[in-house]
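Participant: Quick note: my numbering has the sequence shown finishing at residue 136, numbered continuously throughout.
Even glycine gets a Cβ: it sits at the ideal position worked out from N, Cα and C.
Because the structure is a prediction, the values reported are computed rather than measured.
Could you have a look at this structure, given as structure tokens, before my questions?
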Amino acid sequence: MKRAELEALGRSLRRINPSLLRKPADVSTRIWYQGGEPYFDVFVDLKAGEIDWFQVTLRGRFLCWRRDGTGWQTGTTNELQTEVQVLYPASKTVTLDDTLDGQFVHCVQSLLATRADDPLLGRLAAFCTQAYLQVS
């Protein structure tokens, strides 16, 4: 993705009212950003102020990180498929990649870095850089 496209996507991210989210069962706080493109979302769970989990979906791709030991995962979503059963948002499924898609991880990190003005998105970009370097 070109820099201008990354910046436009980054600018499109808007924080969604937390009252619209189902609260996680544990004591974490879930934060949702929605982008200007369909199926572009960023979810972050904070536990005691620390990033515990996050997920990004963009253009039929998926990136997730979990503190619980699962670590990094990439995959594809069914959101860009046109079958009738996937026209409903609740029907999203993810197929995990066999190997981590480092290019997509870098794309997400670069996109998030365009939003350093937002404290959480800037923090998430730095986290992606630091945590991904530890496994690559």
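How close, in whole Å, do the beta carbons of Tyr132 and Val105 come, if the pair is a contact with beta carbons under 8 Å?
Facilitator: 5 Å
Participant: In terms of alpha-carbon separation, which member of Asn17, Cys64, Asp52 lies closest to Asp101?
Facilitator: Cys64
Participant: Apart from the five residues just before and just after Ser28, which ones in its own chain have a Cβ nearer than 7 Å to its Cβ?
Facilitator: Asp45, Leu46, Lys47, Asp52
Participant: Can you check which of these residues, Glu79, Ser12, Asp41, is closest to Arg115 by C-alpha distance?
Facilitator: Of the listed residues, the one whose Cα sits closest to Arg115 is Ser12.
Participant: Using DSSP with H/G/I as helix, E/B as strand and the rest coil, what is Phe43?
Facilitator: strand
Participant: Tell me where the alpha helix (DSSP H) around Gly69 begins and ends.
Facilitator: From DSSP, Gly69 is part of no alpha helix (DSSP H); its letter is neither H nor E.
Participant: In the DSSP assignment, find the beta strand (DSSP E) that holds Glu50 and state where it starts and stops.
Facilitator: 50-58
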